[in-house]
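Data block below; observations after.
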Amino acid sequence: MNKVVVISGHPDLAASNTNRVILDEISQAVSEVEIRRLDECYPDFNIDVEAEQQALLSADVIVLQFPFYWYSVPALLKKWLDDVLSYNFAYGASGDKLKGKACILSFTVGGPESSYDPLGYNHFKIEQMIRPLQQTVYLTGMQFIEPVYTHGMVYIPGVYNELSDVQSKAKAHAARLCERIHNVIHDPAIQIERFVGEWFSRFDVLPADCAEFTRSLSQDITLDMMGDQYQGHEGFRDWYTTARRTFKPGCEHLVEQIEVREKSKESYRVELRIRLIAETYSDSPLGGQAVNLLVNEVWQVNLVGNLVQITDYQVMAVEQAK
Ligand SMILES: Cc1cc2nc3c(=O)[nH]c(=O)nc-3n(C[C@H](O)[C@H](O)[C@H](O)COP(=O)(O)O)c2cc1C
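Below, the structure is given as structure tokens:
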């Protein structure tokens, strides 16, 4: 399943010259796509939160499609974000419903590229302007995919641009967006990065049943946890039992760095830097102290179809500078 859900935040697509073209193009080019036109569904801004959340739950890839208004999203899309990304859905103790999904910001910008520059009249780069949206994606645990945006998309007859020019730029934008979606679904590095995000969000919860983990481990996996060796699923279960006796659920694993390198066909080396922020039990070896620990991890991984199998798992303490 690789379902794409597109949230269209344009407040009036009937009056659009470019977002409408982009939506038309992707509805034809992308299979398994659902386009949710907020202007049509919620002209009164009264968002059906339940329906929107259900749509997001069914998605693997979420695209936010919008025209750039006042250096942000249009008010209708902002209302959608405020209502739909609610506590215990998108954030909070059990707010993990979007974790691991890929999110692509796709937007049209009126001003030319040269204006989004320290010396231009918009002063800041687009990447700087969209930081709050990027952080929103991070906080929900979604994977922030490189955004797709196009400049010079405003059309005012006789004043700015030609209709045919902005529309052909909209088609080129749609082609780039389709390629991005294709890469998210098929690019091994992106698939593995998504798997890593899901893997650690399960570790945040520390479920009693560790089958959720072992199904992604090869039978003969070798685990080296800070110098202690464990072998196979049995070894993982031993280590996991100790981890559950030490760390309280609700800890945080932050993936601070990730690098995926192809070794041979379907075989990858994954290098990670993980920060663990956790509370521990008082009767554990860590005696109830709070932990803020940085580790390096190296995994050997096989990716067949879209199934990830870890064959070797190494965790090392990061050397502290003296
Ligand atoms: C209310 C409003 C605010 C806008 N704010 C910006 C802005 O901050 N920066 C910018 O480059 N363009 C801005 N624009 C231009 C829009 O980005 C541009 O008209 C839009 O991307 C074109 O999309 P459409 O053809 O689908 O309507 C604004 C337009 C409107 C109507």
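Residues -18 to 303 (this note's numbering) make up the sequence shown, in order.
For glycine and all other residues, C-beta sits at the position ideal for the given N, C-alpha and C.
At least one heavy atom of ligand 1 falls within 7 angstroms of the beta-carbon of residue -9.
By the Cβ criterion, the region 21 to 29 is not in contact with the region 102 to 121, since fewer than three pairs of Cβ atoms, one from each stretch, lie closer than 8 angstroms. The region 30 to 43 makes no contact with the region -2 to 10: fewer than 3 CB pairs, one atom from each, lie closer than 8 angstroms. Under the DSSP assignment, residue 210 falls outside any alpha helix (DSSP H), being part of the beta strand (DSSP E) whose first and last residues are 209 to 212.
The alpha-carbon separation between residue 189 and residue 258 amounts to approximately 20 angstroms. Ranking 254, 22, 125 by CA distance to the CA of residue 83 puts 125 first.
The count of Cβ pairs closer than 8 angstroms, one atom from the region 263 to 276 and one from the region 190 to 198, stays below three, leaving the stretches out of contact. For residue 162, the enclosing alpha helix (DSSP H) starts and ends at 144 to 167.
One residue list follows from the rule of a beta carbon closer than 5 angstroms to any heavy atom of ligand 1, given in chain order as -3, -2, -1, 0, 48, 49, 50, 51, 52, 89, 90, 91, 92, 134, 135.
Pairing residue 110 with residue 68 gives a Cβ-Cβ distance that is not under 8 angstroms. DSSP, reduced to helix, strand and coil, places residue 48 within a strand of the structure shown. The count of Cβ pairs closer than 8 angstroms, one atom from the region 210 to 221 and one from the region 274 to 289, stays below three, leaving the stretches out of contact.
Cα atoms of residue 222 and residue 253: separation of roughly 23 angstroms, rounded to the nearest angstrom. For residue 4, the three-state secondary structure derived from DSSP is helix. As DSSP reads the structure, residue 242 sits in a beta bridge with 250.
A residue is called buried once 16 or more other Cβ atoms fall within 10 Å of its Cβ, and residue 152, having fewer, is exposed. Per DSSP, the unbroken alpha helix (DSSP H) holding residue 112 starts and ends at 112 to 120. Contact between the region 126 to 135 and the region 86 to 103 is present: 3 or more CB-CB pairs across the two stretches fall below 8 angstroms. A straight-line Cα-Cα distance of about 40 angstroms links residue 198 and residue 47. With 16 or more other CB atoms across the displayed protein chains lying within 10 angstroms of its CB, residue 291 is buried.
Straight-line spacing of the CA atoms in residue 288 and residue 21 works out to 38 angstroms.
DSSP places residue 195 in no beta strand (DSSP E) but in the uninterrupted alpha helix (DSSP H) bounded by 192 to 195.
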